[in-house]
Every structure is written in structure tokens, then in C-alpha cells.
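Visitor:
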Amino acid sequence: MNWDCQGVSKSAHAVALGVVVSLVAACGEHPPVDSVQRGYRGTGMVQVTNPRATAAKEVTNVVPAPIPPIPTGGPLAKDVYKNVQVLTDLDVGTFTRLMVAVTQWVSPEQGCNYCHVPGDLAADNIYTKIVSRRMFEMTRHINSTWTSHVGTTGVTCYTCHRGLPEPANVWHAGANGTAPTGMTGWRYGQNEPSAMVGLTSLPNDPFSTFLQREGNIRVAGTAALPNDVGSSKASIQHTEWTYGLMMHMSQGLGVNCTYCHNTRSFAPWELSTPQRATAYSGIRMVRDVNATYLQSLQSVFPKDHLGPTGDVPKVNCATCHQGVFKPLYGVSMLKDYMELAKPGPVVAPAAAQAPAAGGPVAAPA
């Protein structure tokens, strides 16, 4: 047997090296990695990225080619088609082009029948049509009201759906072990590692507190139990909820904590990056979307689309961002579909809506 100068067999060295290589390869974080200095040296203000992971994300963030524009100025769709309730300001050509685009964005395999009754496009028999109306209202609301977060880039249906009828990243209360299962079976959503919070033991439903209700995000908790409502202080439990949300945001955007915060002191706004203000607006935008638009569909969604506690699917940061710092790497699809940027009438959702009086031809939405 061959022995090296330290008395260890070369074969043992080879085995050990193979184990190390396998472990590093399995982690997916083997060198080289990229880093960008975002602040003063010595403060740890560095963004670290894996070029292999970045390349994989680029594939999933390809923007579909826009449908060529068509001449505008024809009659309004609401005057030609039956039961147009939301997109009442669009002419027939623009309306039809948008319907074709939305089919590609949301239901490319199912086609128009995902929302419409074959042979009677004006009927409201399918729940997805009621949902789609609400989603058109929501998209226009985001693009016209929440420019503090989406800027002029805006959003379209594709931002979240990416060719799927339901976005890949939605959440339900109780979906990750947060629902009670008996006196001995409920861990209050902790110590059950979830991908939602980076596989940590942090509470895996920070969304109900911060992205559905208007809970104050605090990290300086020293009390074991929650303080009175409205207190500026936070409990340790509240602090852990905050860290759970931060873990989600870091993963959802594919960034380090230093994308928004300064490592010298995370709390002061004057030391933070401009992205923190954008994230602040984003959190409030998500709350608005969940409370105003998605929860209003509670009676519309069938039971098999509700969560363990009976709630509708809701959005979080990953729903739009899907692992990158800007959805679709900042490419704007809205510029090709500016009809989604107009504020429009709000139609209250209902389990079933009778077709409205209209023109002689059945209409999609």
C-alpha cells in the first residue's frame, strides 16, 4: 500500500477528496461565484450571485413576443359584444388583441374555453371568467396606482401567470403546517422547515400577518409574549415572523439582505439603499391586492381551489418576481399593452352574474 509522508494512504485521500467534491457539487454553490460591492468596503455590502443559477433563471424569464399592434379607433367592444363589464373603454380591435394575448399568457393549452362557454362567450357560467374580470381590474389598479413600486415597467397577466392558469407562487393560510391539527399537533407554524422561509425553523406563515393584515414589521423584539396592539415594541415571536418574511423576500427576489439594508445597522432608513423604499411600497401593494381583489373572490372560487382553512389563493413577493430582483429582469410588457394601464370601472364580483344587455355578438370579457 502506498503511504504519503503523513502516514495516510493516497487512496484514502482520493476518497476524501471525492466526498468533498460531491458535497460541494450537490450544494450548487461551487466556485466561481459573482459578487458586486454595493457599499463601503468592510461593511459586508456585497451581492453574491451564482452564474449557473442566474443562467437558469434567465430561461424562465424570457418575455414572449408581443402580438403586432392593429389600427385603433373602431367601435367600442361593449357596443358590439355582449356582457363586457370591465374593458368598456376598448375598441373592438384592441379588445380582441388583448383577449388573444391573455389566452397565451394564462391558458395556452386550455384556450378560450378556460374562461368561456363554447358557443356562448358572453355567459358567466364558468368561475374563471368572474375571476378574470377581477384580475383585469387588479392589473389596471396596480399599473395606475402603485407606480411607487412598479414604476413605468408595470405588470401584465404574464408577470405572474407565465403560461399557467394559476401562478406558480401563491399561498394559503395553513398550507405549511400553520393550521391547527389538534392539541398536540399544532406547532404554530414553527420548527417545520418550509421553502417559504428558506427551510429554516422560523414561522412559515409570515404572510397572514404582513401581506394580508397590516402588521408592523419589527425586528427589535425582546419580550417573550406579544405586546398590546399598536405598541411600537415587538415580541420575540413577532421578530421571528419578520425574519420569516425577510427570508421569503430574499429568496423571492434572488438577492441578499444587503439589497435593501446596510449591514452597519439594518433599521435606519438613512443608511439603507433606495431599493428598501421600493420594497416598502411593494409590501403595501401586495396587502392591497390581497385584501381588495383576491379576498373579494372568496365566494367565487370552488372549494377545491381554496386552502386548508378555506381561504382563496393570495400573492406574495415571489408571485411576480419568481427569483429575480425585477420581474422578467425589468423588461416591460406593458408598453405593448397600454390598455392595461388605464384605470377602469370596478365591478363587484359575484358567484354568478347575469349577462348584460349588449350587441348582437357574444363577447369574451
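Count along the sequence shown starting at 1, add 741, and that's the number in our numbering.
Idealized CB from N, CA, C, for every residue including glycine.
I'd like the list of long-range same chain contacts for MET838, defined as Cβ closer than 7 Å, with 5 residues on each side in sequence excluded.
Guide: The count along the sequence shown starts at 1 and reaches residue 838 at position 97. In the sequence as presented, Met is not what sits at residue 838; that position holds Arg. These residues qualify, in order along the chain: ILE808, ILE811.
Visitor: Which partner residues does THR980 have in the DSSP bridge list?
Guide: Position 239 of the sequence shown holds residue 980. According to DSSP, THR980 bridges with nothing at all.
Visitor: Could you tell me the distance, in whole angstroms, from the CA atom of GLN992 to the CA atom of LEU940?
Guide: In the sequence shown, counting from the first residue as 1, residue 992 sits at position 251. In the sequence shown, counting from the first residue as 1, residue 940 sits at position 199. Going from the Cα of GLN992 to the Cα of LEU940 covers about 11 Å.
Visitor: Are the beta-carbon atoms belonging to ASN1057 and PHE948 less than 7 Å from one another?
Guide: Indexing the sequence shown from 1 puts residue 1057 at position 316. Indexing the sequence shown from 1 puts residue 948 at position 207. Yes. Within cutoff.
Visitor: Which residue wins for smallest C-alpha separation from TYR822, given the options PRO805, ASP1052, ALA864?
Guide: As a working mapping, residue 822 is identified with position 81 in the sequence shown. Residue ALA864 is the option with its Cα nearest to TYR822.
Visitor: So is HIS771 buried or exposed if we call it buried at 16+ other beta carbons inside 10 Å?
Guide: Here residue 771 refers to the residue found at position 30 when the sequence shown is read from its first residue. Classification of HIS771: exposed, given that the 10 Å Cβ count is below 16.
Visitor: Going along the chain, which residues of its own chain have a beta-carbon closer than 6 Å to the beta-carbon of GLY1064, five neighbours each way excluded?
Guide: In the sequence shown, the residue the question calls residue 1064 occupies position 323. Correct list, in chain order: LYS798, GLY995.
Visitor: Can you tell me which residues form a DSSP beta bridge with SER935?
Guide: Position 194 of the sequence shown, counted from the first residue, corresponds to residue 935. Its beta-bridge partners are THR941.
Visitor: Are the CB atoms of TYR868 and VAL1053 within a distance shorter than 7 Å?
Guide: In the sequence shown, residue 1053 corresponds to position 312, counting from 1. In the sequence shown, residue 868 corresponds to position 127, counting from 1. Not a contact, by the Cβ cut-off of 7 Å.
Visitor: Give every residue of the same chain whose Cβ lies closer than 7 Å to the Cβ of LEU1038, excluding the five residues on either side of it in the sequence, and list them in chain order.
Guide: Here residue 1038 refers to the residue found at position 297 when the sequence shown is read from its first residue. Answer for LEU1038: VAL872, ARG875, VAL1053, PRO1090, listed in chain order.
Visitor: Using only the alpha-carbon positions, how far apart do PHE1066 and ASP946 sit?
Guide: Residue 1066 sits at position 325 when you count from the first residue of the sequence shown. Residue 946 sits at position 205 when you count from the first residue of the sequence shown. So the alpha carbons of these two residues sit roughly 22 Å apart.
Visitor: Only counting runs of 4 or more residues, tell me where the alpha helix (DSSP H) segments fall wholly within the segment 843-889, in order along the chain.
Guide: Those alpha helix (DSSP H) runs which fall completely within the segment 843-889 and span 4+ residues are 868-886.
Visitor: Tell me the residue span of the alpha helix (DSSP H) that contains THR900.
Guide: Translated into the one-based positions of the sequence shown, residue 900 becomes position 159. Where THR900 is concerned, the enclosing alpha helix (DSSP H) stretches over 898-902.
Visitor: Below 7 Å between beta carbons: does that hold for LEU831 and GLU1011?
Guide: The residue given as residue 831 occupies position 90 in the sequence shown. The residue given as residue 1011 occupies position 270 in the sequence shown. No; because the gap between Cβ atoms is not below 7 Å, this pair is not in contact.
Visitor: How many angstroms separate the CA atom of GLN826 from the CA atom of THR1050?
Guide: What you label residue 826 is simply residue 85 of the sequence shown in a count that begins at 1. What you label residue 1050 is simply residue 309 of the sequence shown in a count that begins at 1. Those two C-alpha atoms are separated by around 32 Å.
Visitor: Who does SER776 pair with in a DSSP beta bridge?
Guide: Mapped onto the sequence shown, residue 776 falls at position 35. Per DSSP, VAL789.
Visitor: With DSSP as the reference, please indicate the residues paired to TRP912 in a beta bridge.
Guide: For this step, residue 912 is matched to residue 171 along the sequence shown. LYS1055.
Visitor: Applying the 10 Å Cβ sphere with the 16-neighbour rule, what's the burial state of ARG881?
Guide: Counting from one through the sequence shown, the residue named residue 881 turns up at place 140. The residue is buried, with at least 16 neighbouring Cβ atoms inside 10 Å.
Visitor: Just mark VAL800 as buried or exposed, buried being the case when its beta carbon has 16 or more other beta carbons within 10 Å.
Guide: Along the sequence shown, read from residue 1 onward, the residue named residue 800 stands at position 59. Looking at its Cβ environment, which holds fewer than 16 other Cβ atoms inside 10 Å, VAL800 is exposed.
Visitor: Rank GLY956, SER1006, THR886 by C-alpha distance to the C-alpha of VAL1030 and give the top, closest one.
Guide: Along the sequence shown, one-based indexing puts residue 1030 at 289. When each option's Cα is compared against that of VAL1030, the closest is THR886.
Visitor: Considering only DSSP beta bridges, list what LEU817 is partnered with.
Guide: Counting from 1 along the sequence shown, the entry for residue 817 is found at position 76. Looking at the DSSP assignment, LEU817 forms a beta bridge with ASP832.
Visitor: Which one or two residues does DSSP pair with TYR1000 in a beta bridge?
Guide: Numbered from its first residue, the sequence shown carries residue 1000 at position 259. Per DSSP, none; premise fails for TYR1000.
Visitor: In terms of alpha-carbon separation, which member of VAL774, GLY780, THR983, THR790 lies closest to PRO1015?
Guide: Locating residue 1015 in the sequence shown gives position 274, counting from the first residue. Measuring from the Cα of PRO1015, the nearest candidate turns out to be GLY780.
Visitor: I'd like the span of the alpha helix (DSSP H) that includes GLN1016, first residue to last.
Guide: On the sequence shown, position 275 is the one that residue 1016 refers to. Segment 1015-1029, the alpha helix (DSSP H) holding GLN1016.
Visitor: Between the Cα of THR844 and those of THR897, MET879, ARG782, spot the shortest distance and give me the residue it belongs to.
Guide: Your numbering for residue 844 matches position 103 in the sequence shown. Considering only alpha carbons, the answer is THR897.
Visitor: By DSSP, does LYS823 sit in helix, in strand, or in coil?
Guide: Residue 823 sits at position 82 when you count from the first residue of the sequence shown. It is a strand residue.
Visitor: From this set, HIS979, ALA1018, MET1026, PHE877, which residue's C-alpha is nearest ILE958's C-alpha?
Guide: Along the sequence shown, read from residue 1 onward, the residue named residue 958 stands at position 217. Selected option, being the one with the closest Cα: HIS979.
Visitor: Between GLN788 and VAL774, is the Cβ-Cβ spacing less than 7 Å?
Guide: Here residue 788 refers to the residue found at position 47 when the sequence shown is read from its first residue. Here residue 774 refers to the residue found at position 33 when the sequence shown is read from its first residue. No, Cβ-Cβ distance for GLN788 and VAL774 is not below 7 Å.
Visitor: Considering only residues of the same chain and omitting the five flanking positions on each side of ALA1082, which have a CB-CB separation below 8 Å?
Guide: Here the question's residue 1082 lines up with position 341 in the sequence shown. Counting only Cβ-Cβ distances below 8 Å, and skipping sequence neighbours, we find ARG881, ASN884, SER885, GLY895, LEU1075.
Visitor: For TYR1078, which three-state DSSP category applies?
Guide: Position 337 of the sequence shown, counting from 1, holds the residue named residue 1078. In the structure shown, TYR1078 sits in coil (DSSP, three-state: anything other than H, G, I, E or B).
Visitor: Within this structure, are the beta carbons of TYR1000 and ASN802 separated by less than 7 Å?
Guide: Residue numbering aside, residue 1000 sits at position 259 when the sequence shown is read from its first letter. Residue numbering aside, residue 802 sits at position 61 when the sequence shown is read from its first letter. It is not a contact, given that the beta carbons lie outside the stated cut-off.
Visitor: Using the Cβ count rule (16 or more neighbours within 10 Å means buried), how would you classify VAL1027?
Guide: By 1-based counting over the sequence shown, the position of residue 1027 is 286. Result: buried.
Visitor: Which whole-angstrom value describes the C-beta separation of HIS989 and VAL938, a residue pair presumed to lie in contact below a C-beta threshold of 8 Å?
Guide: Here residue 989 refers to the residue found at position 248 of the sequence shown. Here residue 938 refers to the residue found at position 197 of the sequence shown. About 6 Å separates the two Cβ atoms, so the contact holds.
Visitor: Please say whether GLU981 and PRO944 have beta carbons closer to each other than 7 Å?
Guide: Against the sequence shown, residue 944 aligns to sequence position 203. Against the sequence shown, residue 981 aligns to sequence position 240. Yes. Within cutoff.
Visitor: Drop a sphere of 10 angstroms on the beta-carbon of SER935, count the other beta-carbons inside from all chains shown, and report buried for 16 or more, exposed for fewer.
Guide: Against the sequence shown, residue 935 aligns to sequence position 194. Result: buried.
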